[in-house]
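Take a look at the structure set out below.
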Amino acid sequence: LLGDAGIVRSRAKIEATIGNARAYLKIAEAEGFDQWLWRYVDGVPLQNDFASMADVPAATPLSERISKDLKKAGFRFAGPTIVYAFMQAVGMVNDHVVSCHRHAQLRG
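Numbering of the sequence shown is given in our numbering, commencing with residue 429 and proceeding in unit increments.
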């Protein structure tokens with residue numbers, strides 16, 4: 429993989445990717461990765477009411493906690509900022525600003 433010009437050629441990142449896949453599979457086999465992750469929010473997306481994008485944090489205490497738990501499970505390169513971006517991407521947190529039409533739609 430280190431010789432493949434089409435991918436990141438950092439030994440540490442390649443090893444982390446392989447290790448992260450193994451850690452993911454371990455959690456997935458034990459309880460399901462989605463179940464493991466969504467328990468942090470009791471299965472319900474967190475709703476924020478930010479007025480502007482400048483108010484949206486890069487990380488939160490919850491993303492810090494999840495990051496620590498991921499690291500305990502064997503994940504690497506899974507810091508709180510990456511974890512919070514993932515939480516936003518999968519819908520665990522509604523960070524659409526209140527003036528965005530999606531904010532109200534997602535709030536329900």
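By construction, the Cβ of each residue, glycine as well, lies at the ideal position given by its N, Cα and C atoms.
Of the choices Met515, Val511, Ala482, whose alpha-carbon is the least far from that of Lys496?
Taking the sequence shown and counting its residues from 1, one reaches residue 496 at position 68. Comparing alpha carbon positions, the residue from Met515, Val511, Ala482 closest to Lys496 is Val511.
Express the C-alpha separation of Ala444 and Arg504 in angstroms, rounding to a whole number.
To locate residue 504, count along the sequence shown from 1; it is residue 76. To locate residue 444, count along the sequence shown from 1; it is residue 16. Their backbone Cα atoms lie some 6 Å apart in a straight line.
Is the distance from the Cβ of Leu465 to the Cβ of Val521 below 8 Å?
Working through the sequence shown from its first residue, we reach residue 465 at position 37. Working through the sequence shown from its first residue, we reach residue 521 at position 93. In this structure, Leu465 lies away from Val521, with their beta-carbon atoms at least 8 Å apart.
Given this structure, state the Cα-to-Cα distance separating Gly431 from Asp477, to the nearest angstrom.
What you label residue 431 is simply residue 3 of the sequence shown in a count that begins at 1. What you label residue 477 is simply residue 49 of the sequence shown in a count that begins at 1. Straight-line Cα distance between these residues: approximately 47 Å.
With distances taken Cα to Cα, identify the nearest neighbour of Ser480 among Ala532, Ser527, Leu534.
The residue you call residue 480 lines up with position 52 of the sequence shown. When each option's Cα is compared against that of Ser480, the closest is Ser527.
Going by Cα to Cα distance, which pick from Leu498, Ala482, Arg437 is closest to Ala456?
As a working note, residue 456 is residue 28 in the sequence shown. Checked all of Leu498, Ala482, Arg437; the closest Cα to Ala456 is Leu498.
Where the alpha helix (DSSP H) containing Ala458 begins and where it ends:
By one-based count along the sequence shown, residue 458 stands at place 30. Its alpha helix (DSSP H) spans residues 439-458.
Please report how far the alpha carbon of Gly507 lies from the alpha carbon of Val525, in whole angstroms.
Numbered from its first residue, the sequence shown carries residue 507 at position 79. Numbered from its first residue, the sequence shown carries residue 525 at position 97. Taking the straight line from one Cα to the other gives about 24 Å.
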